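Residue numbers for the sequence shown follow the UniProt record's numbering, so the first one is 1 and each next one is one higher.
Glycine included, each C-beta is placed from N, C-alpha and C at the ideal position.
The structure presented is a predicted model; accordingly, all values stated were derived computationally and were not measured.
To keep things clear, I will list the structure first and then write my remarks on it.
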Amino acid sequence: MFGSKLDIFKREWLDVVFATKNKSYGAYELRKSNASNTTKSLLFASAAFVLLFFAPKIYSLIKGSLPEDDEVLKQTEVVVAPPPPVNPETPPPPPVEPPPPRTDQVKFPPPIVKPDEQVRDEEPPTVEDLKKADPGQKTIAGDPTADVNINVPVGEGPKQAAVVEDNTVYAFSSIEKNPEYPGGLPAFYKYLADAIKYPPQAAEQNIQGKVNMSFVVEKDGSLTDIKVVKGLGYGTDEEAKRVLKASRKWIPGIQNGKPVRVSYNIAISFTLGN
Numbered sequence: 001m002f003g004s005k006l007d008i009f010k011r012e013w014l015d016v017v018f019a020t021k022n023k024s025y026g027a028y029e030l031r032k033s034n035a036s037n038t039t040k041s042l043l044f045a046s047a048a049f050v051l052l053f054f055a056p057k058i059y060s061l062i063k064g065s066l067p068e069d070d071e072v073l074k075q076t077e078v079v080v081a082p083p084p085p086v087n088p089e090t091p092p093p094p095p096v097e098p099p100p101p102r103t104d105q106v107k108f109p110p111p112i113v114k115p116d117e118q119v120r121d122e123e124p125p126t127v128e129d130l131k132k133a134d135p136g137q138k139t140i141a142g143d144p145t146a147d148v149n150i151n152v153p154v155g156e157g158p159k160q161a162a163v164v165e166d167n168t169v170y171a172f173s174s175i176e177k178n179p180e181y182p183g184g185l186p187a188f189y190k191y192l193a194d195a196i197k198y199p200p201q202a203a204e205q206n207i208q209g210k211v212n213m214s215f216v217v218e219k220d221g222s223l224t225d226i227k228v229v230k231g232l233g234y235g236t237d238e239e240a241k242r243v244l245k246a247s248r249k250w251i252p253g254i255q256n257g258k259p260v261r262v263s264y265n266i267a268i269s270f271t272l273g274n
């Protein structure tokens with residue numbers, strides 16, 4: 001019994017020691033809370049030791065995340081000088097006229113609604129005028145030797161709008177003014193009757209009927225892309241192509257005031273006389 005280790009700090013021994021003493025004096029409470037106070041002290045001391053041990057490492061990490069003095073952006077104040085005063089008596093520079101176009105231009109501005117007293121009687125350009133010149137805001141004589149400026153940098157020299165040629169083939173039913181043979185269809189059919197030579201092979205076989213043809217009336221009135229839509233054979237198809245190719249130029253179709261390409265269909269009759 002006496003050989004075992006005696007722990008006088010246990011609660012049982014603490015009560016025995018202070019059995020006949022004043023427990024409210026203070027020593028009893030100190031002895032009673034001694035174990036917990038010792039544990040708390042050890043924890044606080046350990047935490048302080050660890051914090052002091054790793055303080056240099058934490059400081060270096062924080063310092064590395066901050067920009068160095070040399071890396072701090074410097075702001076420079078730029079003072080813009082005021083423009084020179086404008087003399088009101090100095091006349092403005094004259095407007096720069098664009099160079100003349102390569103082709104002639106005839107005045108053909110878009111229609112503008114005006115009161116009657118402001119309307120001036122001006123004849124619009126004819127179809128013949130539009131064949132020779134392009135429509136524009138005013139009449140300008142063209143210069144065939146003028147250079148066409150395409151890739152001119154901004155702010156350097158006069159600018160010319162790019163001219164996009166309209167090569168669309170319009171349908172006959174969707175055009176403002178349809179193309180026509182000089183003198184109209186009666187004159188065209190008279191031309192066909194005089195120009196067609198009845199193929200001998202078709203005459204021998206008594207071939208009669210209509211050859212349906214299609215072609216394009218170009219901007220200059222010539223006929224291109226001549227095709228047989230439905231033929232009779234025996235030389236009639238070739239003869240229909242021949243007379244169309246030999247036709248004089250037509251008056252071209254007009255769209256938005258300019259000659260355009262228009263598709264056209266016609267039936268050519270082959271009839272044997274009695």
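Exposure of arginine 261, with buried meaning 16 or more beta-carbon neighbours within 10 Å: buried
C-alpha gap between glutamate 89 and proline 82, whole angstroms: 20 Å
Contacting residues, own chain, Cβ-Cβ under 7 Å from lysine 177 (five flanking each side not counted): Gly253 and Ile254
Reduced DSSP secondary structure (H/G/I, E/B, other) of alanine 171: coil
Cβ pair proline 259, glycine 235 closer than 8 Å: no
Inter-stretch contact at 8 Å, needing at least 3 Cβ pairs: the region 229 to 249 / the region 165 to 172: no
Assigned secondary structure, leucine 192 (DSSP; H/G/I helix, E/B strand, else coil): helix
Cβ-based burial, proline 91 [other Cβ within 10 Å; buried from 16]: exposed
Beta-carbon proximity of serine 263 to serine 214, cut-off 8 Å: yes
Paired residues, beta bridge with glutamate 180 - DSSP: Ile251
Glutamine 208 to glycine 183 span [Cα, whole Å]: 27 Å
Between the CA atoms of aspartate 237 and glutamine 201 - distance to the nearest angstrom: 12 Å
Burial state of isoleucine 251 (16 or more Cβ within 10 Å): buried
First and last residue of the uninterrupted alpha helix (DSSP H) at proline 200: 200 to 204
Alanine 47 versus tyrosine 59: straight-line alpha-carbon distance, rounded: 17 Å
Whole-angstrom C-beta distance between alanine 246 and asparagine 212, which should lie under 8 Å: About 19 Å separates the two Cβ atoms, so there is no contact after all.
Span of the beta strand (DSSP E) around lysine 227: 223 to 230
Local conformation of isoleucine 268 per DSSP, three classes: strand
Rounded separation between asparagine 265 and isoleucine 175 - CA only: 14 Å
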